[in-house]
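The structure appears below as structure tokens.
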Amino acid sequence: MTSREFTFELRVCQWAEREWTPARRAADSEGSGPSAVLVARQLGTRGRRWDTLVVECDPDGLAARSVFGNERLDSDLLHVVRNAPREWTYYRDALPHPGYPWRYVREAIHTASDRGIVEERRAGNRIEIRRKWHYPDWVRRIVAIENKPDLDASAARVLGDQLERDVALSLADEVWVATAAKGDGAEQSSAGTRSSASSGDGVEPVLFERLPVEAGILAVTRGGDGTPTSADVAWHPSSLRVDDPGTRILERPTGTGHDASAARFEYADPDWKRAKRLEIAERAYERGWRSYVDTMRADCRHFELRDDGDTLPWCAAKAHSPTGRECSGSCPEFTPEPPQWRTRGWPIEGGPGKGLKRLLARQRERRREP
Ligand code: SF4
1 MTSREFTFEL
11 RVCQWAEREW
21 TPARRAADSE
31 GSGPSAVLVA
41 RQLGTRGRRW
51 DTLVVECDPD
61 GLAARSVFGN
71 ERLDSDLLHV
81 VRNAPREWTY
91 YRDALPHPGY
101 PWRYVREAIH
111 TASDRGIVEE
121 RRAGNRIEIR
131 RKWHYPDWVR
141 RIVAIENKPD
151 LDASAARVLG
161 DQLERDVALS
171 LADEVWVATA
181 AKGDGAEQSS
191 AGTRSSASSG
201 DGVEPVLFER
211 LPVEAGILAV
221 TRGGDGTPTS
231 ADVAWHPSSL
241 RVDDPGTRIL
251 ERPTGTGHDA
261 SAARFEYADP
271 DWKRAKRLEI
281 AERAYERGWR
291 SYVDTMRADC
301 RHFELRDDGD
311 TLPWCAAKAH
321 SPTGRECSGS
331 CPEFTPEPPQ
341 WRTRGWPIEG
351 GPGKGLKRLL
361 ARQRERRREP
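Everything in the sequence shown is counted per UniProt numbering, starting at 1 for the first residue and increasing by one.
This is the structure:
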């Protein structure tokens with residue numbers, strides 16, 4: 001991922017967090033009230049990772065979810081927490097057979113008990129469990145956004161193939177492509193100086209034809225000079241059938257005259273889809289989109305966060321927003337924060353880099369509050 005793609009992605013995440021109006025409109029039209037919105041990035045399944053993920057949440061459900069802590073519940077923990085009974089019960093009587101050995105369930109029970117989200121006790125040589133809270137139905141919809149600032153014909157072809165697979169599987173409720181609006185100039189090297197800002201006026205229509213009609217298109221006008229990123233809907237997506245069986249496309253002919261191979265696919269069971277959606281939402285709940293800073297060298301003296309309307313990481317030595325790969329231990333220009341920066345209370349709390357991490361963590365925490 002280039003620096004330009006990375007910053008575009010962070011800008012789209014911030015726009016979605018502020019203004020995910022498609023979600024609010026949809027929920028309002030169903031009479032269910034506005035959704036709370038959680039945004040994460042680089043999440044999905046083993047075979048498919050989406051750039052930006054918007055989880056539309058039931059606000060009451062989101063509040064009820066918070067008692068289970070900020071850490072995600074993986075599939076094993078979800079199995080225990082969602083099926084734990086109100087009264088003390090032998091765990092094998094309370095939980096449905098997991099489809100894998102019971103010893104893994106016992107491990108998950110111990111983990112859940114250590115985290116304080118399920119009660120566990122021994123009755124003779126039996127383990128009994130009891131729920132502490134009801135696990136809520138907090139996820140309304142999951143929206144996947146693929147970010148392509150430079151959507152040319154060849155990128156649209158590759159993306160079109162990926163999106164067709166997304167549509168066939170229908171794991172997300174909607175899929176979108178976010179691309180730079182026509183007339184939106186290239187990202188400048190400084191997060192603070194975006195010289196060619198102009199309001200976007202859509203996307204090249206010819207590119208539409210290479211994308212499946214079910215995919216929505218966002219024309220993004222990047223932020224800069226104190227103006228946050230904005231986006232217009234250039235094409236509305238279709239709602240995908242998340243409750244129906246999906247089709248996983250494993251292989252498909254290339255479409256050239258020499259390729260006479262047949263397409264290979266398999267069905268994805270609705271139960272698998274339901275479970276996978278919840279696991280993805282749990283990961284989004286834990287990580288949000290600000291977790292990028294966790295893998296960066298925020299303890300480098302050149303590391304900054306800059307706000308040009310959107311908040312972006314910034315390297316003062318290189319004078320651009322570095323990617324996670326660039327801003328790592330192997331960066332030749334890494335320079336530790338000087339010891340003087342760690343005086344006046346810093347020795348305990350760490351230097352300014354740790355302070356920036358805490359700031360982003362606090363912002364992420366606030367987003368979990370509906
Ligand atoms: S010099 Fe390297 S490690 Fe330091 S902030 Fe810049 S990219 Fe990150």
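Ideal Cβ positions, reconstructed from N, Cα and C, are used throughout, including at glycine.
Next item on the list: Using 6 Å as the cut-off, classify the Cβ of residue 317 as near or not near the heavy atoms of the ligand SF4, replying yes or no.
Entry: As a first step, residue 317 is located in the sequence shown; it is residue number 317 there, counting from the start. True, at least one ligand heavy atom lies under 6 Å from that Cβ.
Margin query: Can you tell me whether residue 329 is buried or exposed? The criterion is at least 16 other CB atoms within 10 Å of its CB, across all chains shown.
Written below: As a position in the sequence shown, residue 329 is number 329, starting the count at 1. Exposed: under 16 other Cβ atoms inside 10 Å.
Next item on the list: Could you tell me the distance, in whole angstroms, from the CA atom of residue 92 to the CA atom of residue 277?
Entry: For this step, residue 92 is matched to residue 92 along the sequence shown. For this step, residue 277 is matched to residue 277 along the sequence shown. Taking the straight line from one Cα to the other gives about 26 Å.
Margin query: Assuming residue 267 is part of the alpha helix (DSSP H), what are its boundary residues?
Written below: If you number the sequence shown from 1, residue 267 lands on position 267. Element bounds for residue 267: not the alpha helix (DSSP H) but the beta strand (DSSP E), 264 to 268.
Item checked: Beta-carbon proximity list for residue 131, same chain, < 8 Å, skipping 5 on both sides -> For the purposes of this step, residue 131 is taken as the residue at position 131 of the sequence shown. 81, 84, 85, 86, 118 and 119.
Check: Which residues bound the beta strand (DSSP E) around residue 315?
Finding: Your numbering for residue 315 matches position 315 in the sequence shown. Per DSSP, residue 315 belongs to the beta strand (DSSP E) from 311 to 315.
Item checked: residue 72 versus residue 273 - alpha carbon distance -> If you number the sequence shown from 1, residue 72 lands on position 72. If you number the sequence shown from 1, residue 273 lands on position 273. So the alpha carbons of these two residues sit roughly 18 Å apart.
Checklist line | Boundaries (first-last residue) of the beta strand (DSSP E) holding residue 144 | finding: Here the question's residue 144 lines up with position 144 in the sequence shown. Here the beta strand (DSSP E) through residue 144 covers 139 to 147.
Margin query: Suppose the cutoff is 6 Å on Cβ atoms and the five residues either side in sequence are ignored; what does the same chain contact list for residue 293 look like?
Written below: By 1-based counting over the sequence shown, the position of residue 293 is 293. The residues are 357 and 360.
Note to self: Given this structure, state the Cα-to-Cα distance separating residue 61 from residue 75, to the nearest angstrom.
What the structure shows: Along the sequence shown, read from residue 1 onward, the residue named residue 61 stands at position 61. Along the sequence shown, read from residue 1 onward, the residue named residue 75 stands at position 75. Near 19 Å, if we compare the C-alpha coordinates of residue 75 and residue 61.
Check: Is it true that the CB of residue 140 sits closer than 7 Å to the CB of residue 214?
Finding: Residue mapping note: residue 214 aligns to position 214 of the sequence shown, counting from 1. Residue mapping note: residue 140 aligns to position 140 of the sequence shown, counting from 1. No, the Cβ-Cβ distance between residue 214 and residue 140 is not below 7 Å.
Notebook entry, point to check: Any idea if residue 340 is buried or exposed, counting beta-carbon neighbours within 10 angstroms, 16 or more meaning buried?
Noted result: Taking the first residue of the sequence shown as position 1, residue 340 is located at position 340. Counting Cβ neighbours within 10 Å, residue 340 comes out exposed, since fewer than 16 surround it.
Check: Would DSSP call residue 188 helix, strand or coil?
Finding: For this step, residue 188 is matched to residue 188 along the sequence shown. Summary for residue 188: the model assigns pLDDT 43, below 50, so the residue's position carries little reliability; its value from the coordinates is reported in the next sentence. In this structure, residue 188 counts as coil in the three-state DSSP scheme.
Note to self: With a threshold of 6 Å on Cβ separation, who are the neighbours of residue 295 within its own chain once the five nearest residues in sequence on each side are excluded?
What the structure shows: Translated into positions along the sequence shown, residue 295 becomes position 295. The answer, listed in chain order, is 324.
Next item on the list: Express the C-alpha separation of residue 240 and residue 59 in angstroms, rounding to a whole number.
Entry: In the sequence shown, residue 59 corresponds to position 59, counting from 1. In the sequence shown, residue 240 corresponds to position 240, counting from 1. So the two alpha carbons sit approximately 23 Å from each other.
Next item on the list: Mind reading off the beta-carbon distance from residue 224 to residue 309? Whole number of angstroms is fine, and I expect it under 8 Å.
Entry: Along the sequence shown, read from residue 1 onward, the residue named residue 224 stands at position 224. Along the sequence shown, read from residue 1 onward, the residue named residue 309 stands at position 309. Between residue 309 and residue 224 the Cβ distance is about 6 Å, and since that is below 8 Å, they are a contact.
Next item on the list: For residue 158, count neighbouring Cβ atoms within 10 angstroms of its own Cβ and tell me buried if that reaches 16, exposed if not.
Entry: As a working mapping, residue 158 is identified with position 158 in the sequence shown. The residue in question, residue 158, is exposed, as its Cβ has fewer than 16 Cβ neighbours within 10 Å.
Note to self: Nearer than 6 Å: is that true of the beta carbon of residue 337 relative to any heavy atom of the ligand SF4?
What the structure shows: Reading the sequence shown from its first residue, position 337 is the one you call residue 337. Incorrect: residue 337 has no Cβ contact closer than 6 Å to the ligand SF4.
Next item on the list: Kindly indicate the opening and closing residues of the alpha helix (DSSP H) around residue 340.
Entry: Sequence index remark: in the sequence shown, residue 340 carries index 340 (1-based). Looking at the DSSP string, residue 340 is not in any alpha helix (DSSP H), and its letter there is neither H nor E.
Check: Which residue comes first and which comes last in the beta strand (DSSP E) that contains residue 220?
Finding: For the purposes of this step, residue 220 is taken as the residue at position 220 of the sequence shown. 216 to 221 is the span of the beta strand (DSSP E), which, as asked, contains residue 220.
Notebook entry, point to check: Across which residues does DSSP place residue 331 in a beta bridge pair?
Noted result: For the purposes of this step, residue 331 is taken as residue 331 along the sequence shown, with counting starting at 1. According to DSSP, which records beta bridges pairwise, residue 331 is partnered with nothing at all.
Next item on the list: Return the CA-CA distance between residue 364 and residue 137, expressed in angstroms with no decimal places.
Entry: Residue numbering aside, residue 364 sits at position 364 when the sequence shown is read from its first letter. Residue numbering aside, residue 137 sits at position 137 when the sequence shown is read from its first letter. Their backbone Cα atoms lie some 21 Å apart in a straight line.
Notebook entry, point to check: At what residues does the beta strand (DSSP E) containing residue 300 begin and finish?
Noted result: Along the sequence shown, one-based indexing puts residue 300 at 300. Note, residue 300: premise wrong, no beta strand (DSSP E); not H, not E.
Item checked: Beta carbon of residue 231 nearer than 7 Å to that of residue 40 -> Position 231 of the sequence shown holds residue 231. Position 40 of the sequence shown holds residue 40. Cβ atoms of residue 231 and residue 40: not closer than 7 Å.
Check: Taking Cβ positions, are residue 218 and residue 176 nearer each other than 7 Å?
Finding: Position 218 of the sequence shown holds residue 218. Position 176 of the sequence shown holds residue 176. Yes; because the gap between Cβ atoms is below 7 Å, this pair is in contact.
Margin query: Does residue 91 come out as helix, strand or coil in the three-state DSSP assignment?
Written below: Position 91 of the sequence shown, counted from the start, is the residue given in the question as residue 91. Here residue 91 sits in helix by DSSP.
Next item on the list: Can you check DSSP and say which residues form a bridge with residue 40?
Entry: For the purposes of this step, residue 40 is taken as residue 40 along the sequence shown, with counting starting at 1. DSSP lists 53 as partners of residue 40.
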